[in-house]
Amino acid sequence: MDKEIKFSNSSEEIRRYVLNEINKLDCWVVWGAITKKNAISQLRKNSAYLYNYLCGLVLCDMFERTHTKKINLIFDRHTTKKGNRDKLDSYINEKLKSRHSGHFVPELRISHYDSINCQCLQAHDFIVGSVFQSIERNDMMYLDLISSKVVKGEIHW
Numbered sequence: 039m040d041k042e043i044k045f046s047n048s049s050e051e052i053r054r055y056v057l058n059e060i061n062k063l064d065c066w067v068v069w070g071a072i073t074k075k076n077a078i079s080q081l082r083k084n085s086a087y088l089y090n091y092l093c094g095l096v097l098c099d100m101f102e103r104t105h106t107k108k109i110n111l112i113f114d115r116h117t118t119k120k121g122n123r124d125k126l127d128s129y130i131n132e133k134l135k136s137r138h139s140g141h142f143v144p145e146l147r148i149s150h151y152d153s154i155n156c157q158c159l160q161a162h163d164f165i166v167g168s169v170f171q172s173i174e175r176n177d178m179m180y181l182d183l184i185s186s187k188v189v190k191g192e193i194h195w
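The following block contains the structure:
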């Protein structure tokens with residue numbers, strides 16, 4: 039892939055096109071957001087812990103709703119620190135073991151990719167941009183395009 043497409047630097051036409059394509063997919067959207075100033079001070083001081091905690095909140099809901107043998111999670115390699123990625127992987131594994139709803143713990147595969155090389159992460163960026171617009175700018179136009187895919191969205195704190 040030569041160029042990464044991002045919600046923030048795309049035209050309204052491109053945003054609508056990508057979100058309409060996402061709406062055609064067989065997928066769920068589960069999102070979580072935080073009001074950072076209301077977060078526990080320990081989490082506010084460490085962005086890696088805050089990221090892990092929020093991922094855990096969102097994924098726990100998905101783990102409770104999903105009955106499957108395998109789960110494949112793909113994260114944006116937003117940090118180059120392998121130690122932080124390893125801690126996230128371990129934390130997510132713990133959450134899956136404690137919160138899955140089936141009789142057996144699903145096989146979990148976690149990958150971390152650079153979004154420039156992963157179209158699914160670029161689609162994810164458009165979902166995140168839609169959520170951001172709805173929360174920060176009170177503009178529901180984009181999130182409404184994928185509203186049938188949103189099974190849960192929650193602002194924590």
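In the working numbering, the protein residues as written are 39 to 195.
Note that the Cβ used here is the ideal one computed from N, Cα and C, for glycine as well.
Buried or exposed, going by whether 16 or more other CB atoms sit within 10 Å of the CB of Phe-142?
Phe-142 comes out exposed.
What is the DSSP secondary structure of Asp-127, counted as helix, strand or coil?
Here Asp-127 sits in helix by DSSP.
Taking all protein chains shown into account, decide if Lys-133 is buried (16 or more other Cβ within 10 angstroms of its Cβ) or exposed.
Lys-133 should be labelled buried.
When we look at the beta-carbon of Cys-156 and count the other beta-carbons within 10 Å, is it buried (16 or more) or exposed?
When all chains shown are included, Cys-156 counts as buried.
Got a sec: does the ligand NAD put a non-hydrogen atom nearer than 7 Å to the Cβ of Glu-192?
The model depicted lacks the ligand NAD and carries no ligand whatsoever.
Assuming Ile-202 contacts Ile-193 under a Cβ cut-off of 8 Å, what Cβ separation, rounded to an integer in Å, is found between them?
This structure cannot speak to residue 202, because the chain is shown only from 39 to 195.
Among residues of its own chain, excluding the 5 on either side of Tyr-151, which ones have a beta-carbon nearer than 8 Å to its beta-carbon?
Within the same chain, Tyr-151 has close Cβ partners Ile-112, Phe-113, Asp-114, Arg-115, Leu-159.
Near Glu-102, which residues of its chain fall below 7 Å by C-beta distance, leaving aside the five closest residues on each side in sequence?
Correct list, in chain order: Arg-137, Ser-139.
Report the option in Val-67, Asn-110, Gln-80, Leu-95 whose CA atom is closest to the CA atom of Asp-182.
The candidate whose alpha carbon is nearest that of Asp-182 is Val-67.
Could you check the C-alpha separation between Leu-146 and Tyr-89 for me, to the nearest Å?
Their backbone Cα atoms lie some 19 Å apart in a straight line.
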